[in-house]
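Okay, so here's the structure we're looking at.
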Amino acid sequence: MRVKNRLLAPEVLQTSVMDCGPAVLKCLLEGFGIAASYDRLREACQTEVDGTSIDTIERVVQELGLQAEQIMVPLDHVLLNASQILPAIVVVQPSNGCIHFVLAWNRHGWRVQVMDPATGRRWPACKQFLNEIY
């Protein structure tokens, strides 16, 4: 399925501490014009007390018709236009030390649009965002 993404990622906030996976997935899907139920995604992602696995997120995205692949990218390539990886679900480690999923939607000059399901949309400097990546 080939779809065009929006300029701004939809803002989707998680409803519990462990729901960053389904929330970031809902944001990604709706950004590509695919309606998604938060509760159904939470169920499909098998979100439990320890959150959601990236393997499950990959599988759900593929089942819904989008191309998805887990890749490790050198930090200095994450935000390069030539890498063509955005939008991407990115694993970050906030100051609280817990692993967390965010959606890096696109880059605008020296800033990157990030939809963080814990706090909402934000526009960190590229260097700041790269320092958050796990």
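Residue numbers (this note's numbering): 65 to 198.
Every residue, glycine too, gets a C-beta built ideally from N, C-alpha and C.
On the DSSP bridge assignment, give the partners of residue i in chain order.
| i | result |
| --- | --- |
| Met179 | Leu167, Arg185 |
| His172 | Arg175 |
| Glu112 | Gly115 |
| Ile197 | Val156 |
Taking the alpha helix (DSSP H) that residue i belongs to, which residues open and close that run?
| i | result |
| --- | --- |
| Ala108 | 102-108 |
| Val124 | 118-127 |
| Leu89 | 84-95 |
Mind checking which residues open and close the beta strand (DSSP E) that includes residue i?
| i | result |
| --- | --- |
| Val154 | 152-156 |
Excluding five sequence neighbours on each side, which residues of the same chain lie with their C-beta closer than 8 Å to the C-beta of residue i?
| i | result |
| --- | --- |
| Val137 | Ser147, Ile149 |
| Arg11 | This structure gives no information on residue 11, because the portion of the chain shown stretches from 65 to 198. |
Ignore the nearest five residues each way along the sequence and tell me which others in residue i's own chain have a CB closer than 7 Å to its CB.
| i | result |
| --- | --- |
| Thr120 | Cys109, Gln110 |
| Arg70 | Gly95 |
Please name the residue, chosen from the options, that lies closest to residue i on a Cα-to-Cα basis.
| i | options | result |
| --- | --- | --- |
| Glu75 | Arg185, Lys191, Cys190 | Arg185 |
| Trp174 | Arg70, Cys190, Leu92, Arg106 | Cys190 |
| Gln177 | Ala152, Asn160, Gln157 | Ala152 |
| Leu143 | Ala87, Gln78, Phe193 | Phe193 |
| Asp103 | Thr79, Ile197, Pro188, Ala168 | Thr79 |
| Asp140 | Val81, Ile197, Met82 | Ile197 |
| Asn160 | Val81, Pro188, Ser101 | Val81 |
| Gly85 | Glu107, Ile135, Pro158, Trp187 | Glu107 |
| Val124 | Val88, Leu77, Trp169, Leu71 | Val88 |
Using C-beta distances below 6 Å, list every residue in its chain close to residue i, excluding the 5 sequence neighbours before and after it, in chain order.
| i | result |
| --- | --- |
| Leu105 | Pro86, Leu89, Lys90 |
Between residue i and the ligand ADP, is the CB less than 7 Å from at least one heavy atom?
| i | result |
| --- | --- |
| Val137 | Summarising the ligand content, the structure contains no ligands, and the ligand ADP is consequently not present. |
Checklist line | the region 119-137 in contact with the region 81-100 per 3-pair CB rule at 8 Å | finding: yes
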